[in-house]
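Position one of the sequence shown corresponds to residue 1 (the numbering used here), numbered consecutively onward.
C-beta: ideal position from N, C-alpha, C; glycine also.
What follows is a single structure, written as structure tokens, with notes after it.
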Amino acid sequence: MAWRGLHLSRSARLSLADRQMVVAQEDGEVRLPIEDVAYVVLDTPQATLTAALLAACMESGIAVMVTDPAHRPSGLMLPFHRHHRQAGVAQVQTGISEPLRKRLWQAVVRAKISNQAAVLDVLARPGAAALRAMARQVASGDPRNVEARAARDYWAALWHDFRREDDGDRRNALLNYGYAVVRAGVARALVAAGFLPAFGIGHASAANAFNLADDMVEPFRPFVDRLAWQVAGEGAAGRAPISLEDRRTMAGILMADARMGAQTQTLLVATEAVAESLLRAMENRTAAALALPTLPD
């Protein structure tokens, strides 16, 4: 089972040899078994990859993410047809009833808000009890948009001077970097389970190839929020670009711990468990089968 991620920030040549990923840099060469790698973040314009390695990455289900010149995640490569029941899973996914779709979305939103409350508790910020009350108010399909109301209160409690739409705020850069890495991990797990990530249960943009990934990433976002707060602290907004050290820290988010039921797992493993449980929920037509991560104490 894949268990590690790779973040490249300086000149490198990546190739394939004996089913190993070969990373050659000025100071030497590292070889990693392909089956150990879950994702690669190419955070430099000076990385080159051979076609043979890219093909092996797709065969092994490795997500490959690239960044733009400002080091913002800008693209994601995932494999086609990773599941032996691809067509069957697609039929299940696209054939779910509207009531089931709404109940699944209800579960996702409740889990997200509950994890936001847990972040406030862990960071000793106010407002956790109010968020937990909001989570209990989320109805099937979230028709009252409790998610948005909870988000407003959550961000105000986390950082008093924070605006999520301020692209120049260093904290937003940290969040966006971490969100992109987790989104890639969730998309990878969904594809491995046989899902078509364009067809969501809450998001439904015709221009978005990852609607389902954007749905299922929601309960994972608070894990990123906690890490970004730990990096940035609670002070006023900074305008400087995030550093290489910051990017490396956020790129490692999938190695953070999460609770899945009674077990503690990495977020990377949790993405796979969530995807598998989502398929069970759709096949068995019950939202109760959906397992979602919770923030550990």
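- In the displayed model, Pro222 falls within a helix according to three-state DSSP.
- In terms of CA proximity to Val92, Phe195 leads the group His160, Phe195 and Ser277.
- Within the stretch 85-162, the alpha helix (DSSP H) runs of at least 4 residues that lie entirely inside it are, in chain order, 86-94, 98-122, 128-137 and 146-158.
- 8 angstroms or more divides the Cβ of Ser60 from the Cβ of Ile96.
- Asp257 carries a strand assignment under DSSP once its states are collapsed to helix, strand and coil.
- Contact annotation, Phe223 with Ala256: C-beta distance approximately 6 angstroms; criterion of less than 8 angstroms satisfied.
- Shown here for Thr249: same chain residues with a beta carbon closer than 8 angstroms to its own, the five before and five after excluded, namely Leu227 and Val231 in chain order.
- Annotation: Leu32 is outside any alpha helix (DSSP H); the continuous beta strand (DSSP E) that includes it extends over Gly28 to Pro33.
- The residue among His203, Leu279, Ala124 and Val182 with its C-alpha nearest the C-alpha of Gly5 is Val182.
- Taken atom to atom, the span from the alpha-carbon of Arg31 to that of Val23 is near 6 angstroms.
- The alpha helix (DSSP H) runs lying completely inside the stretch 155-217 and spanning 4 residues or more are 170-192 and 211-216, given in chain order.
- Excluding the 5 residues flanking it on each side, Gln106 has same chain C-beta neighbours closer than 8 angstroms at Val138, Ala139, Ser140, Gly141, Asp142 and Ala287, in chain order.
- Per the C-alpha coordinates, the member of Leu278, Asp246, Arg280 and Arg19 positioned closest to Asn176 is Asp246.
- C-alpha of Asn208 to C-alpha of Val64: approximately 18 angstroms in a straight line.
- From the listed residues Thr266, Arg171 and Ala135, the smallest Cα separation to Lys112 is found for Ala135.
- When DSSP states are grouped into helix, strand and coil, Leu292 belongs to the coil group.
- The residue from Arg149, Gln116, Ala273 and Arg72 with its alpha-carbon nearest to that of Ala173 is Arg72.
- Taking the Cα positions, Leu212 is about 12 angstroms away from Gly185.
- Here the alpha carbons of Tyr154 and Thr294 stand approximately 17 angstroms from one another.
- In chain order, Val119 place their CB closer than 6 angstroms to the CB of Asp225, counting only its own chain and leaving out the 5 sequence neighbours on each side.
- In the DSSP assignment, Leu78 falls outside any alpha helix (DSSP H) and carries neither an H nor an E.
- Each residue's CA atom was taken as its position, placing Val89 and Leu279 some 8 angstroms apart.
- The stretch 2-17 and the stretch 44-57 touch, with no fewer than 3 CB-CB distances between them shorter than 8 angstroms.
- Residue environment: Thr271 is assigned as buried (16 or more neighbouring CB atoms within 10 Å of its CB, all protein chains considered).
- Counting other Cβ atoms within 10 Å of its Cβ, Asn115 reaches 16 or more and is therefore classed as buried.
- For Ser15, the secondary structure class from DSSP, reduced to helix, strand or coil, is strand.
- Under DSSP, the beta-bridge partners assigned to Val22 are Ser15 and Arg31.
- Residue range Ala47 to Leu49 is occupied by the beta strand (DSSP E) that includes Ala47.
- Scanning Ala117, Ala198 and Asn284 for the CA closest to the CA of Pro296 turns up Ala117.
- Note on geometry: alpha-carbon atoms of Gly28 and Trp229 lie some 35 angstroms from one another.
- Within its own chain, the residues whose Cβ lies closer than 7 angstroms to the Cβ of Gly168, once the five positions on either side in sequence are excluded, are Arg239, listed in chain order.
- Excluding the 5 residues flanking it on each side, Gly75 has same chain C-beta neighbours closer than 8 angstroms at Met65 and Val66, in chain order.
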